[in-house]
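Numbering (the numbering used here), first residue to last: 218 to 715. Glycine included, C-beta positions come from ideal geometry on N, C-alpha and C. Before any comments, here is the structure.
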């Protein structure tokens, strides 16, 4: 049984857990949509019917929300087909409201492993329509496959459909691959066009960087004076990327920090009310419910707010205010513990100094809380945050902030269960838990740590997020550490749910 709290919820019932997961199922790709003050979070509902097999007998389910904390479960939104139908599994797509008939049109990926060409399973696009978003029926006569000439038949998924005002027609972007290309760099974002949402033509690729196996869950949106192309990759880096342009058709610039989150929060897509934009993703589980287990497909819902730097167009990520407010009760701090260091009250906080490894720690109970810290680094070799460590700093999690290389990453110690020999403990692996993020340049770091059972999300300076799983450690102590130098803890607060 998965440790993270499962949400048992009847249709129409409201839920209050931060990271939603349905009972006896997992959340796959989200398909967000906004209308009239409500955010619709369609998601791939994966029952995980067999051990270590994912996305089998998958359907679309729906939740709605106004604040990203209270979610209303609406039940199954799109049923899958039978074992002999193309849509035996219903995968990712998009939602659009037709300009002509006012109907909602949902385009989604249909997959049946038994439908093959040259011995390899193909993917196709199907469509469901409805007058309301919670009552959608698949249009049986619509089945849109690759042309097999410009684009391969086997990667033809994640249709994103929108109206292009400049071109006067509907565009469909798809995760695809160029026919005849190599297996590892042939991925592209395909483009198809239509005037009626039923008949589509094949066009030249919308984006063809010749870099990836494929680019999943493509999305295009405008924010301020800039356009953004979003897609997710599992090669090179396992993450969600974005590109910037002054025009909807490029050229596309790669920003210095071109991702929204870590490997754990995958297939991020966005939705906006016209003023603010929010990211919808899922935090993957790990097999065996252990920190040392491999990542799995599917997990729990996760939301961020996306903010823009108007001068450059670069995007940043911060916590949704409702998520921060979820933890509203201040916790009285217990006495501090100092490991191998010296503490000086500076009037603006507590300065920790150590000649080697030192830490300033406070008790933290259990595994559901919010921690707020303001950290001002001085001269040091290394510094960061310790979480769920013991007094001797022997075990726990470490958020390693490296201002010299401008990286930040979650680490774990020990990084593995020790092997036969003392040295078999993964000292040659730089970070056990997560890939590194680009650390913002700053004189101080304002950090929010949100933890609910085995999920932990960190926000730094309202600019970056690091989401992950934490299975093996809870309770213990939390605080700051430094290696040969000094660091000032200007603020430390713990908050709980009332």
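Let's see if you can read the secondary structure: which residues bound the beta strand (DSSP E) around residue i?
i: residue 159; result: In the structure as shown, the chain begins at 218 and stops at 715. Residue 159 is therefore absent and cannot be evaluated.
i: residue 380; result: 368 to 381
i: residue 476; result: Neither: residue 476 is in no beta strand (DSSP E) and is coded neither H nor E.
i: residue 555; result: 554 to 556
i: residue 606; result: 599 to 606
i: residue 684; result: 681 to 686
i: residue 273; result: Careful: residue 273 lies outside any beta strand (DSSP E) and carries neither H nor E.
i: residue 268; result: Where residue 268 is concerned, there is no enclosing beta strand (DSSP E), given that its DSSP letter is neither H nor E.
i: residue 514; result: 512 to 525
i: residue 361; result: Element bounds for residue 361: n/a, residue is neither H nor E.
i: residue 703; result: 694 to 713
i: residue 662; result: 662 to 669
i: residue 498; result: 494 to 503
i: residue 414; result: No beta strand (DSSP E) contains residue 414, which DSSP labels as neither H nor E.
i: residue 619; result: 613 to 619
i: residue 332; result: 321 to 334
i: residue 674; result: 672 to 677
Please go through the same chain and pick out, in chain order, the residues whose beta-carbon is closer than 6 Å to the beta-carbon of residue i, but skip the five residues on each side of it.
i: residue 390; result: 377, 406, 423, 435
i: residue 452; result: 429, 430
i: residue 619; result: none
i: residue 280; result: 258, 288, 290
i: residue 447; result: 436, 459
i: residue 439; result: none
i: residue 404; result: 394, 429, 430, 431, 432
i: residue 482; result: 498, 500, 519, 684
i: residue 241; result: none
According to the neighbour-count rule (16 or more other Cβ atoms, all chains shown, within 10 Å of its Cβ), is residue i buried or exposed?
i: residue 550; result: exposed
i: residue 696; result: buried
i: residue 480; result: buried
i: residue 218; result: Residue confidence is low: residue 218 scores 31 on pLDDT, short of 50, so the model does not pin down where it sits. No coordinate-derived value is stated.
i: residue 432; result: buried
i: residue 306; result: buried
i: residue 415; result: exposed
i: residue 527; result: exposed
i: residue 582; result: exposed
i: residue 564; result: exposed
i: residue 547; result: exposed
i: residue 369; result: buried
i: residue 221; result: Confidence at residue 221 is low in this model, with a pLDDT of 47, below 50, so the placement of that residue is unreliable and no value is reported for it.
i: residue 263; result: buried
i: residue 301; result: exposed
i: residue 490; result: exposed
i: residue 706; result: buried
i: residue 511; result: exposed
i: residue 384; result: exposed
i: residue 239; result: buried
i: residue 170; result: The requested residue 170 does not occur in the structure, where the chain is confined to residues 218 to 715.
At which residues does the alpha helix (DSSP H) containing residue i begin and terminate?
i: residue 539; result: 538 to 543
Give every residue of the same chain whose Cβ lies closer than 7 Å to the Cβ of residue i, excluding the five residues on either side of it in the sequence, and list them in chain order.
i: residue 703; result: 568, 569, 570, 595, 596, 597
i: residue 359; result: 343, 344, 415
i: residue 586; result: 544, 668, 711, 712, 713
i: residue 361; result: 341, 342, 417
i: residue 580; result: 551, 694
i: residue 472; result: 461, 531
If residue i and residue j are in contact, beta carbons under 8 Å, what's the gap, nearest whole angstrom?
i: residue 616; j: residue 625; result: 7 Å
i: residue 255; j: residue 310; result: About 19 Å separates the two Cβ atoms, so there is no contact after all.
i: residue 477; j: residue 486; result: Rounded, the Cβ-Cβ distance is 10 Å, inconsistent with contact.
i: residue 657; j: residue 677; result: 7 Å
i: residue 530; j: residue 412; result: Rounded, the Cβ-Cβ distance is 31 Å, inconsistent with contact.
i: residue 293; j: residue 275; result: About 11 Å; that fails the 8 Å criterion.
i: residue 339; j: residue 348; result: With 8 Å as the limit, residue 339 and residue 348 do not qualify as a contact, their Cβ atoms being about 32 Å apart.
i: residue 730; j: residue 507; result: This structure does not reach residue 730, given that the chain is present from 218 up to 715, and the question cannot be answered.
i: residue 535; j: residue 372; result: Not really, about 34 Å apart at Cβ, beyond 8 Å.
i: residue 578; j: residue 556; result: 7 Å
i: residue 600; j: residue 698; result: 7 Å
i: residue 661; j: residue 560; result: 19 Å between Cβ atoms; not a contact.
i: residue 495; j: residue 537; result: 7 Å
Does any residue of chain D bring its CB to less than 8 Å from the CB of residue i?
i: residue 530; result: Looking at the structure shown, chain D is missing, and only one protein chain is on hand.
Using a Cβ-Cβ cutoff of less than 8 Å, which residues in the same chain neighbour residue i once the five nearest sequence positions on both sides are dropped?
i: residue 540; result: 235, 285, 286, 520, 667
i: residue 297; result: 274, 275, 276, 304, 305, 306, 307
i: residue 475; result: 458, 459, 460
i: residue 365; result: 334, 396
Taking 8 Å as the cut-off, does the segment 534 to 554 touch the segment 252 to 271 (at least 3 CB pairs, one atom from each stretch)? no
Is the number of C-beta pairs between the segment 344 to 361 and the segment 317 to 325 that are closer than 8 Å three or more? yes
Assess contact between the segment 294 to 313 and the segment 329 to 346, defined as three or more Cβ pairs (one per stretch) separated by less than 8 Å. Is contact present? yes
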